[in-house]
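Student: Sharing a structure below in structure tokens format, with a few things to ask.
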Amino acid sequence: MAEQLWKGRFSKAVDSRVNDFNSSIRFDQRMIAQDMKGSGVHAAMLARQGIISEEDCRAILDGLASIADDLAAGRLEIDPAAEDVHTFVEQTLTARIGDAGKRLHTGRSRNDQVALDIRLTLRDESIRLQGLIAALVRVICKKAGENTASVMPGYTHLQRAQPVTFGHALMAYAWMLLRDLGRFADATRRMNSQCPLGSGALAGTTYPLDRAFTAQKLGFEAPCPNSMDGVSDRDFCIELASAIATCMMHLSRLSEEIILWCSWEFKFIELDDAFTTGSSIMPQKKNPDVTELIRGKTGRVYGDLNTLLVMMKGLPLAYNKDMQEDKEAIFDAVDTLSLCLTTITPMLDTMRTLPANMRRAAAAGFINATDCADYLTRKGMPFRDAYKLTGQMVADCIAQGTVLEELTLEQFRQYSPLFEQDIYQAVDLVNCCEGRTSYGGPSAASVRLQIQQAQQALEAWEEGQA
């Protein structure tokens, strides 16, 4: 077991079971690059303030660079026996450069060190996840653009309701994901607003630190104004986990649609063989396992968010060891969303749409009934009377095994003399979509405008990342 940094107070070795229980190296080692980045800036600030010598600072920076190089080249492996990533870096550094390595921790606690490391790590992860969300939105826009004329039933209560297009349905998910992109950007902005480095264990330090310098060099707007809050704040973990959970909810809803759409009962789409699996006993099966797993993993991410909320709800100021649990939960949420996004995006990109099947389903569902009622209303009949009459017509059609557009004009006029030849244009499914010209509707022009707006939103996001 590597030596604990805090062993001076204790007269006997800690039980090995406690060491295993206490250790966080297995999950916090992923923060090693951020830990060394923070350490390098901290060392530069110490030298700038005259707290350590320039010579020691150069040795520390060179030593940290050599550790990073050796890790990248595979010449150095992280010691699983180290208590945490901070211990591993400091002890490796000291072994390489001697006493200068022992001076790195001057004016710093592991409490503000880990608070910094996880902010830096989650900032990087949030930006990466935003890129994955943007890539999915681009694929959805592409598929929507290919299906602006693919008429299908729109559903409420999972009952056929009104005609829409497949492109319009897809763009609903583009807007959900763009809101997710905004949530991630907002969470990252708050994450960047305050730097905890220099808060010490909880009460700052007597050394003349320049916290504004370290905050600026590490990409933060300012130092956190309260040292106790600086080391005990995990709002940024919870906020990012919440954004991840909301995004997973949207992916789960999209997954449920895909599961329905590719079933034989709908057959609106066909997934590429590369993104489906079969059955060990039923040779005809082509299962949408990717989407089913996304549905299942959504519950897992909800659990991660709940872990963070419950972990923090009863903690007094300032740092408590309970907070070590933050990393496993938030990293699991990050990794789960990343896995789902990198799988569903190519799955959608290779998905084949079946517009003829969509059109048949639309024709059989009386989804033009509202348009029939609207036709009568435009001819002068009060809407409620038109609604009631159209409902009776639908009931009669169901009893006779026909649909509205197959009625003869004479049959239409048996219900009302207001019906004229133009009723057939009014209940035509394509015209039903194209006639819905209200902003945000399913007409081809509206869907193309939505795609343009979504692409502009992505461009604005990209400019914000520059």
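In this text, residue positions in the sequence shown follow our numbering: the first is 217, and each later residue adds one.
No residue lacks a Cβ here, since even glycine has one placed at the ideal position from N, Cα and C.
1) How is R376 classed by DSSP in three states: helix, strand or coil?
2) Please give the ranges of any alpha helix (DSSP H) in the stretch 296-328, keeping only runs that are unbroken, at least 4 residues long and fully inside the region.
3) When DSSP labels each residue in this structure, what does N536 get in the three-state scheme?
4) Where does M217 sit, in a helix, a strand or coil, going by DSSP?
5) Closer than 8 Å is the cut-off here; do at least three beta carbon pairs connect the stretch 310-323 with the stretch 365-373?
6) To the nearest angstrom, report how far apart A401 and Q681 are at their CA atoms.
7) If contact is defined by three or more beta carbon pairs under 8 Å, each pair taking one atom from either stretch, is the stretch 318-336 in contact with the stretch 434-454?
8) Output the boundary residues of the alpha helix (DSSP H) element that contains E293.
9) Applying the 10 Å Cβ sphere with the 16-neighbour rule, what's the burial state of T381?
10) Are the CB atoms of A673 and L394 nearer to each other than 8 Å?
11) What residues in its chain sit with their C-beta under 6 Å from that of S471, if we drop five residues either side in the sequence?
12) So, for L620: in the same chain, excluding its five sequence neighbours on each side, which residues have a beta-carbon less than 8 Å away from its beta-carbon?
13) Is L345 closer than 8 Å to S554 when the C-beta atoms are compared?
14) Indicate the three-state DSSP secondary structure (helix, strand or coil) for Q668 in the structure shown.
15) Just list the alpha helix (DSSP H) runs in the stretch 493-563, keeping only unbroken ones of 4 residues or longer that don't cross its boundaries, in chain order.
16) Using 8 Å as the threshold, is the C-beta distance between R516 and T462 below it?
17) Count the C-beta pairs between the stretch 297-310 and the stretch 235-247 that are closer than 8 Å, then say yes if the count reaches three, no if not.
18) Using 8 Å as the threshold, is the stretch 417-425 in touch with the stretch 335-344, meaning 3 or more CB pairs across them?
19) How many angstroms separate the CA atom of M539 from the CA atom of T561?
20) Please classify L533: is it buried, with 16 or more other beta-carbons within 10 angstroms of its beta-carbon, or exposed?
21) Kindly confirm or deny that the stretch 522-530 and the stretch 469-487 touch, where touching means at least three C-beta pairs closer than 8 Å.
22) Any C-beta of chain E sitting closer than 8 Å to the C-beta of A281?
23) With a threshold of 16 other CB atoms inside 10 Å of the CB of V257, please say whether the residue is buried or exposed.
24) Do E455 and R406 have their beta-carbon atoms positioned less than 8 Å apart in this structure?
25) Given a cut-off of 8 Å, decide if L386 and I485 are closer than it, judged by their beta-carbon atoms.
26) Within 10 Å of its beta-carbon, does G383 have 16 or more other beta-carbons around it, so buried, or fewer, so exposed?
27) Given that a residue counts as buried once 16 or more other Cβ atoms are within 10 Å of its Cβ, and exposed if not, what is E675?
28) Name the one or two DSSP bridge partners that M368 has.
29) Between Q265 and the rest of its own chain, which residues show a CB-CB distance below 6 Å, the 5 nearest in sequence each way excluded?
30) What residues match up with R568 in a beta bridge as DSSP calls it?
31) Quick check: the Cα distance between A660 and Q669, rounded to an integer number of angstroms?
32) For C411, which beta-bridge partners are listed by DSSP?
33) Among Q432, K513, K502, Q410, which has the Cα closest to the Cα of I334?
34) From which residue to which residue does the alpha helix (DSSP H) around T422 run?
35) In the structure shown, what three-state DSSP assignment does E362 receive?
36) If you compare alpha carbons, which of S255, W677, R575 is closest to T364?
Tutor: In short, the structure shows the following:
1) As a first step, residue 376 must be located in the sequence shown, where it is residue number 160. Strand.
2) 301-313, 315-318
3) As a first step, residue 536 must be located in the sequence shown, where it is residue number 320. Of the three classes helix, strand and coil, the one that applies to N536 here is coil, per DSSP.
4) The sequence position of residue 217 within the sequence shown is 1, counting from 1. Reliability of the predicted coordinates at M217 is poor, the pLDDT of 43 falling under 50, and the value obtained from them is presented with this limitation in mind. Residue state, collapsed to three classes: coil.
5) no
6) Along the sequence shown, read from residue 1 onward, the residue named residue 401 stands at position 185. Along the sequence shown, read from residue 1 onward, the residue named residue 681 stands at position 465. Computed Cα separation, rounded: 9 Å.
7) yes
8) Counted from its first residue, the sequence shown places residue 293 at position 77. Counting along the chain, E293 falls outside any alpha helix (DSSP H), and DSSP gives it neither H nor E.
9) Along the sequence shown, read from residue 1 onward, the residue named residue 381 stands at position 165. Label assigned to T381: buried.
10) By 1-based counting over the sequence shown, the position of residue 673 is 457. By 1-based counting over the sequence shown, the position of residue 394 is 178. Their beta carbons are under 8 Å apart, which means A673 touches L394 by this criterion.
11) Position 255 of the sequence shown, counted from the start, is the residue given in the question as residue 471. Cβ neighbours of S471 beyond the five flanking positions: T507, I510, R511.
12) If you number the sequence shown from 1, residue 620 lands on position 404. Excluding positions up to five away in sequence, the list reads F582, N584, A585, C588, M609, V610, C613, V643.
13) On the sequence shown, residue 554 is found 338 positions in, with the first residue counted as 1. On the sequence shown, residue 345 is found 129 positions in, with the first residue counted as 1. Yes.
14) As a position in the sequence shown, residue 668 is number 452, starting the count at 1. Correct three-state label for Q668: helix.
15) Qualifying alpha helix (DSSP H) stretches, in chain order: 505-528.
16) Sequence index remark: in the sequence shown, residue 516 carries index 300 (1-based). Sequence index remark: in the sequence shown, residue 462 carries index 246 (1-based). Not a contact, by the Cβ cut-off of 8 Å.
17) Taking a contact to require three or more Cβ pairs closer than 8 Å, the stretch 297-310 and the stretch 235-247 qualify as touching.
18) no
19) Translated into positions along the sequence shown, residue 539 becomes position 323. Translated into positions along the sequence shown, residue 561 becomes position 345. Distance between the alpha carbons of M539 and T561 is about 34 Å.
20) Within the sequence shown, the letter at position 317 stands for residue 533. Its Cβ having fewer than 16 others within 10 Å, L533 is exposed.
21) no
22) In the structure shown, chain E does not exist; there is a single protein chain.
23) Here residue 257 is taken as the residue at index 41 of the sequence shown, counted from 1. V257 should be labelled buried.
24) The sequence position of residue 406 within the sequence shown is 190, counting from 1. The sequence position of residue 455 within the sequence shown is 239, counting from 1. Cβ distance < 8 Å, so R406 and E455 count as in contact.
25) In the sequence shown, counting from the first residue as 1, residue 485 sits at position 269. In the sequence shown, counting from the first residue as 1, residue 386 sits at position 170. No Cβ-Cβ contact shorter than 8 Å links I485 with L386.
26) On the sequence shown, residue 383 is found 167 positions in, with the first residue counted as 1. With 16 or more Cβ atoms within 10 Å of its Cβ, G383 is classed as buried.
27) Position 459 of the sequence shown holds residue 675. Exposed is the call here.
28) The residue given as residue 368 occupies position 152 in the sequence shown. In DSSP, M368 forms a bridge with V380.
29) Numbered from its first residue, the sequence shown carries residue 265 at position 49. The beta carbon of Q265 lies closer than 6 Å to those of P424, D426 in the same chain, with the five residues before and after it left out.
30) As a working note, residue 568 is residue 352 in the sequence shown. Bridge partners of R568: E486.
31) For the purposes of this step, residue 660 is taken as residue 444 along the sequence shown, with counting starting at 1. For the purposes of this step, residue 669 is taken as residue 453 along the sequence shown, with counting starting at 1. Spanning the two alpha carbons is a distance of roughly 14 Å.
32) Position 195 of the sequence shown, counted from the first residue, corresponds to residue 411. Its beta-bridge partners are P439.
33) In the sequence shown, residue 334 corresponds to position 118, counting from 1. It is Q410.
34) Walking along the sequence shown from the start, residue 422 turns up at place 206. Unbroken run through T422: none, as it is neither H nor E.
35) Within the sequence shown, residue 362 is the residue found at index 146, counting from 1. If DSSP states are grouped into helix, strand and coil, E362 belongs with coil.
36) For this step, residue 364 is matched to residue 148 along the sequence shown. The shortest Cα separation from T364 among S255, W677, R575 belongs to R575.
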